[in-house]
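**Q** Numbers in the working numbering are just positions in the sequence shown, counted from 1, shifted up by 1200. Using N, Cα and C, we set each Cβ at its ideal position, and we do this for glycine too. Just so you know, these numbers come straight off a predicted model, no measurement behind them. Quick one: the structure is below, and I'll ask about it shortly.
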Amino acid sequence: MELELLYEGKAKKVYQSSMNENHLILSYKNDATAFNGEKKAQFTGKGRLNNEISSILFKALEERGIESHFIKQLDSITQMVQKTDIIPLEVVIRNIATGSITKRLAIPEKSPFEPALVELFYKNDELGDPLINDEEAIYLTNLTVENLNEIKEKARSINQVLTEIFATIGVRLIDFKLEFGRNQDGEIILSDEISPDTCRLWDMNTNEKLDKDVFRQGTGDLITVYEEILNRLEEQL
1201 MELELLYEGK AKKVYQSSMN ENHLILSYKN DATAFNGEKK AQFTGKGRLN NEISSILFKA
1261 LEERGIESHF IKQLDSITQM VQKTDIIPLE VVIRNIATGS ITKRLAIPEK SPFEPALVEL
1321 FYKNDELGDP LINDEEAIYL TNLTVENLNE IKEKARSINQ VLTEIFATIG VRLIDFKLEF
1381 GRNQDGEIIL SDEISPDTCR LWDMNTNEKL DKDVFRQGTG DLITVYEEIL NRLEEQL
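If you want it as structure tokens, here you go:
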């Protein structure tokens, strides 16, 4: 039976599950994009790697008490998830200064943030996903103050767990992006994916970049570094 395609994004296709109306099927693509879609390429095997990595990390979070939309991995490129009403916010957690924030605020590269810095971006491609403050986030998303505080608290908890997980494989979690949605019970839960597409990951010993920055900056082979992350996770978790 052919599944109904609900949405196609930059990195994934979203299908309605034929077995349960409250479940979705995510299919990870081989496409890579950067700079809001201005730079594009395809890498054979990228979808498989992101699916495998994201599945491992969602399972690890669940084991540590953090709920997400993830239900199970179905095959090499697909996973089953709970249907959620995605909140149009990108929640960025920064542990170390790099990338846009160093230019925007003239913060020296590699400056640590203690505690981690949480930023909100309005999820809107036409506007270029602009940085917004709490009041703007509440206005644009119809969240309450309590909802937004809950999201930030969840983001900090996820950061703590992921930082510890990556440290066990010799990787420093520099910063990363999260998305949240409401499930069928109205609960706010972690959604989307966690992968080298959405995280900045540096080797603890060499500071080698093991994430999509190698594609953004043209400094290395994307598949090689994604495979390195997957191999380390499989050995440790």
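Starting from the C-beta of N1222, find all residues in its chain whose C-beta is less than 6 Å away, skip the five residues before and the five after it, and write them out in chain order.
**A** Contacts found: K1283, Q1384.
**Q** I'd like to know if the stretch 1413-1422 and the stretch 1231-1239 are in contact, where contact means that at least 3 CB-CB pairs between them fall below 8 Å.
**A** Output reads yes: the stretch 1231-1239 touches the stretch 1413-1422.
**Q** Can you tell me whether L1305 is buried or exposed? The criterion is at least 16 other CB atoms within 10 Å of its CB, across all chains shown.
**A** It counts as exposed.
**Q** I need the DSSP call for D1231, collapsed to helix, strand or coil.
**A** Strand.
**Q** Mapping DSSP to helix, strand and coil, what is R1416?
**A** Three-state result, R1416: helix.
**Q** To the nearest angstrom, how far is the alpha carbon of D1403 from that of G1370?
**A** Each residue's alpha carbon lies about 6 Å from the other.
**Q** In the structure shown, what three-state DSSP assignment does L1433 receive?
**A** It is helical.
**Q** To the nearest angstrom, how far is the alpha carbon of E1314 from that of K1210?
**A** Each residue's alpha carbon lies about 32 Å from the other.
**Q** State the beta-bridge partners of D1403 as determined by DSSP.
**A** Paired residue(s): V1371.
**Q** Kindly indicate which three-state DSSP category L1410 falls into: helix, strand or coil?
**A** Coil, per DSSP.
**Q** With distance defined between alpha-carbon atoms, name the residue in I1256, L1401, T1406, I1388 nearest to L1199.
**A** Here the chain comprises residues numbered 1201 to 1437, so residue 1199 is not present and cannot be evaluated.
**Q** Counting along the chain, where does the beta strand (DSSP E) carrying R1294 start and finish?
**A** Per DSSP, R1294 belongs to the beta strand (DSSP E) from 1289-1296.
**Q** Compute the distance between the beta-carbons of I1286 and Y1228, then report whether it is under 9 Å.
**A** No, they are not a contact pair.
**Q** Considering only residues of the same chain and omitting the five flanking positions on each side of L1430, which have a CB-CB separation below 7 Å?
**A** Excluding sequence neighbours, L1430 sits near L1249, E1252, I1253.
**Q** Since I believe L1410 is in contact with I1374 (beta carbons under 8 Å), could you give me their beta-carbon distance rounded to a whole number of angstroms?
**A** At roughly 10 Å, the Cβ-Cβ gap does not stay under 8 Å, so I1374 and L1410 are not in contact.
**Q** So, using beta-carbon positions, are N1333 and L1343 closer together than 9 Å?
**A** Against a cut-off of 9 Å, the Cβ pair of L1343 and N1333 comes out as no contact.
**Q** Quick one: is D1397 buried, meaning 16 or more other Cβ sit within 10 Å of its Cβ, or exposed?
**A** By the 10 Å Cβ count, D1397 comes out buried.
**Q** Answer with buried or exposed for G1328, where buried requires no fewer than 16 other C-beta atoms within 10 angstroms of its C-beta.
**A** So G1328 ends up on the exposed side.
**Q** Between the beta-carbon of A1260 and the beta-carbon of V1318, is there less than 9 Å?
**A** The answer is no: Cβ separation not under 9 Å.
**Q** Let's test the definition: count the other Cβ atoms within 10 Å of the Cβ of N1295 and tell me whether it reaches 16, buried, or not, exposed.
**A** So N1295 ends up on the buried side.
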